[in-house]
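One structure is given here, and the rest of the page talks about it.
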Amino acid sequence: MTISVSAVASIFLLTWAIKRLLNTLAARKQGLYPPGPRPKPFIGNIFDFPVAQYPQAFVEWEKKYNSPILHAEVFGSHILVINSLDDAIALFERPERARIYSDRPIMTVNELMGWDTINVALMPYGEVWRRHRKVCHQNFNIQAARQYELVQTKKVRELLRNLLYTPEQFDNHNKLFSVSVTISTMYGHDVESIEDPCVRLSDETLLLGSPLLVPGGSLINVIPALRYIPEWVPGAYSRKVAAKVRRMTSEALRIAMGYVNKSFEAGTVAPSLVTDFYEKKHASGASEEEEDIIKNIAYTVYGDVQTISFTSSFVYLMTVNPDVQRKAQVEIDSVIGSKRLPEFADRTTVFTNIWAMSYNEKAYPDPYAFKPERFLDNEGKLTDDKVLAYGFGRRGCVGKPMASSTTWIMMVSILAAFDITKSKDKHGNDVEVNDKFQNDGLMLYVLTVPPSFYRAYNVSRR
Numbered sequence: 001m002t003i004s005v006s007a008v009a010s011i012f013l014l015t016w017a018i019k020r021l022l023n024t025l026a027a028r029k030q031g032l033y034p035p036g037p038r039p040k041p042f043i044g045n046i047f048d049f050p051v052a053q054y055p056q057a058f059v060e061w062e063k064k065y066n067s068p069i070l071h072a073e074v075f076g077s078h079i080l081v082i083n084s085l086d087d088a089i090a091l092f093e094r095p096e097r098a099r100i101y102s103d104r105p106i107m108t109v110n111e112l113m114g115w116d117t118i119n120v121a122l123m124p125y126g127e128v129w130r131r132h133r134k135v136c137h138q139n140f141n142i143q144a145a146r147q148y149e150l151v152q153t154k155k156v157r158e159l160l161r162n163l164l165y166t167p168e169q170f171d172n173h174n175k176l177f178s179v180s181v182t183i184s185t186m187y188g189h190d191v192e193s194i195e196d197p198c199v200r201l202s203d204e205t206l207l208l209g210s211p212l213l214v215p216g217g218s219l220i221n222v223i224p225a226l227r228y229i230p231e232w233v234p235g236a237y238s239r240k241v242a243a244k245v246r247r248m249t250s251e252a253l254r255i256a257m258g259y260v261n262k263s264f265e266a267g268t269v270a271p272s273l274v275t276d277f278y279e280k281k282h283a284s285g286a287s288e289e290e291e292d293i294i295k296n297i298a299y300t301v302y303g304d305v306q307t308i309s310f311t312s313s314f315v316y317l318m319t320v321n322p323d324v325q326r327k328a329q330v331e332i333d334s335v336i337g338s339k340r341l342p343e344f345a346d347r348t349t350v351f352t353n354i355w356a357m358s359y360n361e362k363a364y365p366d367p368y369a370f371k372p373e374r375f376l377d378n379e380g381k382l383t384d385d386k387v388l389a390y391g392f393g394r395r396g397c398v399g400k401p402m403a404s405s406t407t408w409i410m411m412v413s414i415l416a417a418f419d420i421t422k423s424k425d426k427h428g429n430d431v432e433v434n435d436k437f438q439n440d441g442l443m444l445y446v447l448t449v450p451p452s453f454y455r456a457y458n459v460s461r462r
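Using the UniProt record's numbering, the first residue of the sequence shown is number 1, and each one after it goes up by one.
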């Protein structure tokens with residue numbers, strides 16, 4: 001007697017559904033949860049979760065239910081949304097609670113995509129994650145991050161050149177800049193073209209895989225038994241996408257490590273996290289676990305292209321706020337003059353639902369107005385406001401020094417080299433810039449018409 005795949009899947013689904021139903025009924029008897037949309041029998045709030053612009057949607061939930069801490073339920077799994085900075089600090093950074101809230105949710109789709117064991121940011125909290133975190137601290141602390149400054153400066157200068165000659169290709173230049181910094185610092189490979197397979201794979205993998213990780217992004221995350229449905233079954237979209245992402249992830253790793261191997265064979269090794277490790281291994285030895293940790297960290301940094309989001313947002317804000325752009329340029333000119341570009345030696349200070357915290361009207365009056373000066377005190381010094389983009393507590397971004405230095409040199413270099421203005425149509429009229437944001441799961445960025453970059457380097461701004 002043979003049993004079809006669909007029959008096996010049905011048995012798994014039925015068993016799982018009964019178990020979930022019993023767990024849900026038991027959980028609802030145990031006590032109260034924070035306010036939120038009323039769950040429906042069995043399925044909970046699966047249809048209440050937004051599939052796009054979810055940070056803003058959770059802000060609306062806060063207004064509707066009059067609480068910065070919100071609760072939702074999906075098939076018996078309970079989810080809390082934290083909109084308040086004070087609550088986030090209390091839960092994620094205070095020692096007595098940080099360990100409890102430092103884990104990551106178990107997402108079946110992570111395993112299907114092959115990200116569960118190689119992406120440090122998605123690893124569960126435990127001894128394996130702690131060993132990865134320790135190595136991250138050793139290589140990305142403030143002192144260690146300085147070894148990457150030459151690469152960061154070189155890649156920013158290449159970005160400036162590209163913006164000068166072909167500003168209409170801003171999106172491509174932005175992707176190339178972001179990926180080339182991470183590939184060069186992690187693997188020692190100098191990416192020179194948007195056609196490089198490292199850039200293409202990074203872009204496509206992120207666009208395909210990230211949407212599956214957001215709330216409501218994939219039913220596989222709430223019904224793990226769906227993983228057993230073959231990817232060729234009609235309607236099994238998440239299963240098909242996850243399988244494709246897994247193949248692309250393996251290919252990206254193969255290509256990146258291939259560059260490393262070729263550089264050793266040719267004697268052209270460039271300093272990087274991975275090449276430095278292998279030189280150490282050849283000289284004094286290293287364990288297989290140490291090698292795997294280095295590879296995992298390198299891939300995590302390579303796959304994190306948040307610089308794309310930051311650069312596009314920065315250029316957008318400078319375009320629609322020319323008065324703020326001007327103030328920043330005057331400040332830069334007062335430090336370096338108008339005869340050269342900024343360098344790291346010129347720097348003195350590096351300037352959950354993070355969206356809700358950033359737009360908190362009590363903390364930041366008129367929060368939707370672009371006012372960088374709100375983060376300066378009466379003496380012009382930075383306030384002690386937390387940089388929310390780096391996260392909280394033990395799961396905060398361990399690469400903060402490197403990320404901060406990359407964004408700093410990018411911002412001051414663009415402002416030193418260019419005046420950023422709205423583009424012109426064929427009649428010479430300004431093309432209006434919209435303020436729409438595209439959410440691709442893990443990355444939020446501005447969708448806008450490429451601005452114009454007018455050369456200001458070596459030109460007096462007076």
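Positions of the beta carbon are idealized from the N, C-alpha and C atoms, including for glycine.
Is the beta carbon of residue i sitting closer than 8 Å to the one on residue j?
| i | j | result |
| --- | --- | --- |
| T406 | V181 | yes |
| M123 | L213 | no |
| A256 | Y148 | no |
| S272 | S218 | no |
| A72 | P37 | yes |
| A145 | Q138 | no |
| R239 | I223 | no |
| F277 | I294 | yes |
| T300 | V179 | no |
| E361 | P367 | yes |
What is the DSSP secondary structure of residue i, reduced to helix, strand or coil?
| i | result |
| --- | --- |
| H137 | helix |
| S452 | strand |
| residue 482 | In the structure as shown, the chain begins at 1 and stops at 462. Residue 482 is therefore absent and cannot be evaluated. |
| G44 | strand |
| V214 | coil |
| L341 | coil |
| F177 | helix |
| S67 | coil |
| E73 | strand |
| K295 | helix |
| D430 | strand |
| L226 | helix |
| I409 | helix |
| L80 | strand |
| residue 499 | Residue numbering for the chain in the displayed model covers 1 to 462; residue 499 lies beyond these limits and cannot be assessed. |
| L32 | coil |
Under the assumption that residue i contacts residue j (Cβ atoms under 8 Å), give the Cβ distance between them as a whole number of angstroms.
| i | j | result |
| --- | --- | --- |
| L70 | V81 | 4 Å |
| K244 | L208 | 6 Å |
| N174 | I308 | 5 Å |
| L341 | S413 | 6 Å |
| T153 | F314 | In fact, because the Cβ distance is near 17 Å, the residues do not count as touching under 8 Å. |
| F418 | L163 | 7 Å |
| R227 | L112 | 6 Å |
| A270 | C198 | Contact doesn't hold; Cβ gap of about 14 Å is too wide. |
Which first and last residues belong to the alpha helix (DSSP H) in which residue i is found?
| i | result |
| --- | --- |
| A256 | 237-266 |
| A369 | No alpha helix (DSSP H) holds A369; DSSP gives it neither H nor E. |
| L85 | 85-92 |
| H282 | 273-284 |
| A328 | 322-336 |
| N110 | 108-113 |
| V151 | 149-165 |
| A98 | 95-98 |
| D203 | 197-209 |
Apart from the five residues on each side of it in sequence, which residues of its chain come closer than 6 Å, Cβ to Cβ, to residue i?
| i | result |
| --- | --- |
| M318 | Q325, I420 |
| S84 | P68 |
| V320 | V433 |
| G337 | none |
| T383 | F375, D377 |
| V151 | S184, T185 |
| P35 | Y65, S67 |
| A298 | M186, L273, V274 |
| I79 | A72 |
| E204 | none |
Can you list, in chain order, the residues of its chain with a C-beta nearer than 8 Å to that of residue i? Leave out the 5 residues immediately preceding and following it.
| i | result |
| --- | --- |
| S452 | P167, I420, T421, K422, S423, K424 |
| residue 548 | The structure shown has nothing for residue 548, since the chain only spans 1 to 462. |
| H132 | V120, M123, I293, N296, I297 |
May I ask which residues mark the beginning and end of the beta strand (DSSP E) holding residue i?
| i | result |
| --- | --- |
| F418 | 418-421 |
| A121 | Careful: A121 lies outside any beta strand (DSSP E) and carries neither H nor E. |
Counting only the same chain and skipping the five closest in sequence on each side, list residues whose C-beta sits under 7 Å from that of residue i.
| i | result |
| --- | --- |
| K40 | none |
| A57 | P50 |
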